[in-house]
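Input: a single structure, listed below in structure tokens.
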Amino acid sequence: MMRAPWLKEGIAARWLAAAALLISLAMVVGLLAVVSAVAGKAFWPRPLVLLRLADGRVLLGEVWTREADPNHPGHERWRLKTGNRDLEGQDFVWVPKAAVVAREVPAGAWLVERREYGNFYGFASELHTPEGIVSATDERFGDALAKALQRGRELVEEERHLLDRLAALHAPVVKYGARAEGAKSERRRQRALAALERARGHEEENAPPLLARLAEVRHQAEEVTLVMTAAGGQEMTVPAAGVVRAVPVNALGLGARVGLYLSRWWEFLFAEPREANTEGGIFPALFGTALMVFLMTFAVVPLGVITAVYLNEYASGGMFTRAVRLALANLAGVPSIVFGVFGLAFFVYGVGGTIDRLLFADSLPTPTFGTGGILWASLTLALLTVPVVVVATEEGLQSVPDATRDGARALGATRWQTLRHVVLPYAAPGVLTGTILAVARAAGEVAPLMLTGVVKLAPALPLDGVPPYLHLERKFMHLGFHIYDVGFQSPNVEAAKPMVYATTLVLLALVVVLNLLAIALRARLRRRLSRSAV
Amino acid sequence: MKGDTARFRARARAIDRWMAGLITGGGAAVLVATLLLVLFLVIETVPLLRSPRASAEGVVPQGVPLAASEDEYRERVTVVGAEGDLHLVGRDGEVEVIPLGEVKPALEQALFSADGRFLAVIDGVGRLHALSWRQRVTWEGEKRVLQPRLRAIAATAVGDGKHLLAVVGEGNTAKVLVGSEDGASLVHLSEDGVSTTNLAVAGAAVAGALAASGAQAWIATATGLQWFQRLDPGVSLSEPTASVPLGFRPSAAAVLLGDVTVVLGGESGEVEAWQALPAAGGGWRLDHAARFQGGERVVAVAPSQREKSFLVQRVTTAEILHLTSRRTLVALPEFPPGAVLARLSQRLDGAFAVTAEGAVHRWGLQLHHPEASFATLFLPVRYEGYERADVVWQSSGGSAGFEPKLSLLPLIVGTLKGALYALLFSAPLALAGALYVNQFAPRRLREVVKPVIELMAAVPSVVVGFLAALFLAPLVREHLLISAGVLLAAPSVAAVAVVWSVAPARWQRRLSGTRELLVVLGMLVVAGTSLILLEPHLHQAWFGGDVVHWLYDRLGVSYDQRNAVVVGFALGFAVIPIIFTIAEDALSNVPPSLVAASMALGATPWEAARTVVIPAASPGLFAAVMLGLGRAVGETMIVLMATGNTPLMSMSPFNGMRTMAATIAVELPEAPYGGTLYRVLILTALLLFCFTFAINMVAAAVAERLRKRFGRLAA
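Shown next, in the form of structure tokens:
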């Protein structure tokens, strides 16, 4: 029987299959493109637009989006970021395009990024310093402003330094106080009281000069202020110490714009968050993610490598080996949230609760290890990523030709000596691939962390200058959770969107780069494998 | 010299043995970790199944009792004696006596409020007294000391033939429900004065109950139940808001925590729960909510101050029932026949009873998790305020009297719905894509595609979820027509292909490999562009400018921005790489000799793929889809962000859902350790684990079969 040609060649089926593949690939490319595009322009300075409306209002701000007005079909409306939250109570205004009478881009408009209350948009009037008043029309204004802002930054830095030192002085007082309160025996109580006395004495001796300096710094900070005028005419005094940067956006040339763009990225990557994470930087989240995966590798690499070595070099193929393989397959297939639940029930409440009862009984019922923390999160993720390391390491071990092993054994090496000196060095790229893939997987995983110790805002990094330097029990911030939290739990999602996209780009870049590295490594390994097979 | 070598050898062998042990132990560690994971989930779930327990704790003798209450710490039972004193009976039998003050013995009646903080007394001369009764906790070092404080609020004459039905209080005011042969009245007593609201009851009030605020009352007469609302001190006469005839003769009544459900006990042992619901034609009606197992005559019903359980005291027995799960939790062992009083402890960790001779019996209670049973977790349950039995997930509410609704069904349905939509989208794409790459694509393409698919698998799900919710969902809502138009992509590509297949074979041969792929890409681009260009016109012409409004107006379909379509797409993104990779592996494992044989017999590449490769690899393709399902079911962040998290049972593609994984992620950090919610959520995790475990087993078995089938051929 002769079939129709289109059935025989299956062109339709082939084309559909090709379309399916193309759509799948387009989804990846599309995702990367959307994130890069939106995040890429998130920090690019937008022009400040001055709008005069039909009802007499004058608005200054950045045009954020343009869309069809749902209330007036066929008309367009703009979402204008007007900032000045302390004056207006809101950051954004909807403006129907039809209501705009005049639109201009005034060269004298300034954008002031503040540490509190978000951006201020307006016109600079004058700069007040202890040396005198400089008007914005004065040609010395630019230099004076730069100097004032520099001074402001120094004062903020010094204030923070002083506060840190005061906190460090007070910390032992709190610690020994709590210890004396919760002491189980009289002897311990006496010891804690003595230590408390010493800590108090130390604080009383050293705190007063710091406090005096603090008062002075704060007074100086109040002396340098920038006086601005909002578009509506209200005057606003901004202390220089509260300014992150002040720029006449519209008057900037291309070079200055690029500089501003780069400095914003720099701030984003290396500064602390402000305003409930919707402004400032993501440094603590970046640091928390890095430290967490770093700690994780200490658990997952030994466990994964040993398991792979067992399966590939030692296993006899009996019931036990099959059980281990089955366990691995299941670990790979279990939803990540289940690992989180296990981490919470076993590590946090089980192990952590026991540690608290044994070692930190004095501070109970406040938990030390019995609550989520970076240690528990990294151990949970270690368990989750074991299969990744095992698979990659096994591939590495398989790439070692049996002849090499036999040669070593023939020379009289024991099994362990062969492994240690011949097989493992040969398989190292496989181990490295597995480690990188595990790190990439862990860096992007969020759900288990929500149960085992991630927080939206950690008061302190898990690694700092206070002994014992590495605080394994502390909660931490994480890039992935940061995306979820700022994008969904934030009070001001719209204003935070650029930040979220930028965070997404950072996380995505991290994961993609790690994966490309692993892919390249593995490609090398496979080439060797195919050579050795010949 | 020789000795050195021998020692060296021995040492090397020792190290070798030692390392072999260590490495085997390491392999075992993975197994142990997995077992530990299962074990811990089970350990944390098991207490849900533990049956409630009650144990008798001792008897303390005392004088003639009228009323009794107990402090929060179960240290002392306070018994009101007919002679007009409070007897504080400790566990060791030690008794402290506090006189009631201006109360004239011998007392006729006494009654404590449900929380034990207010006491109403009718004394020997027919006066009604309201008193406030507190036991303040102070600490003497480690030792807890309860300091009793009794304060008279007000008193008024009520006359003869009255009996106390219920007492509630707040601060300096108390409200007492008093019954008589011809009706009932609510007496408001405060330091400012006394007022009475008469309730228009039809007949003698047999039993009654008051809401905690005192503004609602339930009165049971010999024939019916009546409900009174808005009982303010200024109202002198109140008509019932709703009434209903009863099928039995009531003997006791109590309102459960939350003031929604009233429980009636009957002369012939009936126990029924009733609640007020809005009536169809406005107003209210009393609705029969539940019936419990019968028994002897019910003497009294005592509600818990913690949740929806209550004590039913019968003539010679007493049992604790739970409203939501509709079951008898436990019967009090060795209950003294003829006990006159029985109540639950305030923390629901005990119960006590007082006999007519004044002996105080105590029980310790371990009710564990009464609100979680198979029925409440997996079957429809009629909750308070609900017209009919329903499956609802609502784990926490604003008030103390909130009834937790812990049905796992909406979560399971939501999970399966999300996974289903994800598979509908991803399985065809991934399977077809894998087939193309494996069978038709040029070899070079495969080397590009594999890393890209690997990258796709590596994209963190939080990124996918974020984009789906904040980028895709608004876009889909705005351009619903384009989204629907995507469905036309497959038929249109196929139609063009059919047309093309009549073209001369010479042309067709030139269009193969990369060129073929480029042509398909071109078609997709043209189709997409034309959709985008056409959309605004279609919008105006057919849908009145807004498809979402049109859907609702014409078809009655409600549209959530974060819906199953968006979730299916986003989850599909996460699932495609899994299905693709495993399917591609399965296709690769089909021995090339089979394909070669088929083509030698004259089959085209497509025929070889259709008749040889796909059937041979079909178990592997099935396993790929199964593993994709496993991933979709367990995915957390995408559904958490893109579903709206509403626990609906709707299967509509335009509505959201709430999945098991997302619920765990959101609610477990807030759930108190060891509580019912904590354990139910861990049970949810255990279910997820079992599901994925089963899928993994099936996939592993399939892989094993494939290996067996082709192992010989490939060799």
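The listed protein sequences derive, respectively, from chains A and B.
Take 0 as the starting number for the first sequence in numbering that gives the first Met the number 0 and just add one per residue.
Take 0 as the starting number for the second sequence in numbering that gives the first Met the number 0 and just add one per residue.
Ideal placement from N, C-alpha and C gives every residue a C-beta, glycine not left out.
Values in this document were obtained by computation on a predicted structure and should not be read as measured data.
Residues that residue i contacts on chain B, provided the C-beta gap is smaller than 7 angstroms
{"i": "A:A214", "result": "By Cβ distance, chain B contributes nothing, its closest Cβ being about 41 angstroms from A:A214, past 7 angstroms."}
{"i": "A:M449", "result": "A664, P668"}
{"i": "A:A17", "result": "Y435, E515, L516, V519"}
{"i": "A:N514", "result": "E453, L454, A457"}
Of the residues the options, the one placed nearest residue i, counting alpha carbons only
{"i": "A:R408", "options": "A:G258, A:Q397, A:V422", "result": "A:V422"}
{"i": "A:T617", "options": "A:A284, A:S398, A:G181, A:P208", "result": "Lying outside 0 to 533, the shown extent of chain A, residue 617 of chain A is not represented and no answer is given."}
{"i": "A:E130", "options": "A:F119, A:A143, A:D137", "result": "A:A143"}
{"i": "B:V329", "options": "B:T316, B:R305, B:H548", "result": "B:T316"}
{"i": "A:D163", "options": "A:L210, A:R527, A:L380, A:E61", "result": "A:L210"}
{"i": "B:P302", "options": "B:L523, B:P336, B:S344", "result": "B:S344"}
{"i": "B:L149", "options": "B:Q225, B:F690, B:T77, B:L340", "result": "B:T77"}
{"i": "B:H367", "options": "B:G349, B:R381, B:G115", "result": "B:G349"}
{"i": "B:L517", "options": "A:A240, A:T296, A:A17", "result": "A:A17"}
{"i": "B:P372", "options": "B:I694, B:T675, B:L34, B:D258", "result": "For clarity, residue 372 of chain B is Ser in the given sequence; the question names Pro instead. Measuring from the Cα of B:S372, the nearest candidate turns out to be B:T675."}
{"i": "B:F709", "options": "B:M648, B:P618, B:G170", "result": "B:P618"}
{"i": "A:V242", "options": "A:R65, A:R76, A:F119, A:R84", "result": "A:F119"}
{"i": "B:R143", "options": "B:G160, B:T528, B:E74, B:P379", "result": "B:E74"}
{"i": "B:G571", "options": "B:P503, B:E56, B:G601, B:F424", "result": "B:F424"}
Residue i: contacting residues in chain B (beta-carbon distance under 9 angstroms)
{"i": "A:N311", "result": "Here the premise fails: no neighbours, minimum Cβ distance about 10 angstroms."}
{"i": "A:Q416", "result": "A11, I14, D15"}
{"i": "A:G443", "result": "A457, V458, P459, S460, V461, V462"}
Bridge partners - residue i, DSSP secondary structure assignment
{"i": "B:Q225", "result": "B:I218, B:S242"}
{"i": "B:A456", "result": "BP columns for B:A456 are empty, so no partner."}
{"i": "A:Y120", "result": "A:L110"}
{"i": "B:I319", "result": "B:L310, B:V329"}
{"i": "B:V166", "result": "B:V175"}
{"i": "B:D286", "result": "B:Q274"}
{"i": "B:Q134", "result": "B:P147"}
Proximal residues of chain B, C-beta to C-beta of residue i below 8 angstroms
{"i": "A:L507", "result": "V458, P459, V462"}
{"i": "A:E8", "result": "S500, Q507, T603, W605"}
8 angstroms Cβ cutoff met for residue i and residue j
{"i": "A:V223", "j": "A:A147", "result": "yes"}
{"i": "A:V453", "j": "A:F475", "result": "yes"}
{"i": "B:A433", "j": "B:L586", "result": "yes"}
{"i": "B:L667", "j": "A:V340", "result": "yes"}
{"i": "A:L168", "j": "A:A179", "result": "no"}
{"i": "B:A203", "j": "B:D181", "result": "yes"}
{"i": "A:S23", "j": "B:A429", "result": "yes"}
{"i": "B:L256", "j": "B:R678", "result": "no"}
{"i": "A:F282", "j": "A:L268", "result": "yes"}
{"i": "A:P44", "j": "A:Y348", "result": "no"}
{"i": "B:A622", "j": "B:A702", "result": "yes"}
{"i": "B:A251", "j": "B:G268", "result": "no"}
{"i": "B:S242", "j": "B:L285", "result": "yes"}
Contact list for residue i against chain A, beta-carbon separation under 7 angstroms
{"i": "B:F572", "result": "M26"}
{"i": "B:M18", "result": "W415"}
{"i": "B:V613", "result": "Before going on, a small fix: residue 613 of chain B reads as Ile here, not Val. Here the premise fails: no neighbours, minimum Cβ distance about 10 angstroms."}
Where residue i meets chain D, residues with beta-carbon distance less than 7 angstroms
{"i": "A:F487", "result": "This model lacks chain D altogether, as its protein chains are A and B."}
Chain-ordered neighbours of residue i on chain A, where CB pairs are closer than 9 angstroms
{"i": "B:V200", "result": "Near B:V200 there are no residues of chain A at all, since even the closest Cβ is about 51 angstroms away, more than 9 angstroms."}
Cross-chain neighbours of residue i in chain A, by beta carbon under 8 angstroms
{"i": "B:R609", "result": "G9, A12"}
{"i": "B:I681", "result": "V340, A344"}
Q. Which ranges would you report for the beta strand (DSSP E) in the segment 73–108 of chain B if only whole runs of at least 3 residues count?
A. Within the segment 73–108 of chain B, complete beta strand (DSSP E) segments of at least 3 residues are found at 75–80, 84–89, 94–98, given in chain order.
Q: Please specify which runs of the beta strand (DSSP E), each continuous and at least 3 residues long, are wholly inside the segment 450–521 of chain A, giving them in chain order.
A: If only uninterrupted beta strand (DSSP E) runs of at least 3 residues are considered, none is enclosed by the segment 450–521 of chain A.
Q) At which residue ranges does the segment 415–454 of chain A contain complete alpha helix (DSSP H) runs of 4 or more residues, listed in the order of the chain? A) Restricted to the segment 415–454 of chain A, the alpha helix (DSSP H) segments that are unbroken, complete and at least 4 residues in length are 423–443, 446–451, listed in chain order.
Q) What are the start and end residues of each continuous alpha helix (DSSP H) run of 4 or more residues lying completely inside the segment 232–313 of chain A, in chain order? A) Scanning the segment 232–313 of chain A from its first residue to its last, the whole alpha helix (DSSP H) runs of 4-plus residues come out as 253–269, 282–308.
Q. What runs of the beta strand (DSSP E), each 3 residues or longer, lie entirely inside the segment 321–397 of chain B?
A. Qualifying beta strand (DSSP E) stretches, in chain order: 326–330, 338–343, 349–354, 359–365.
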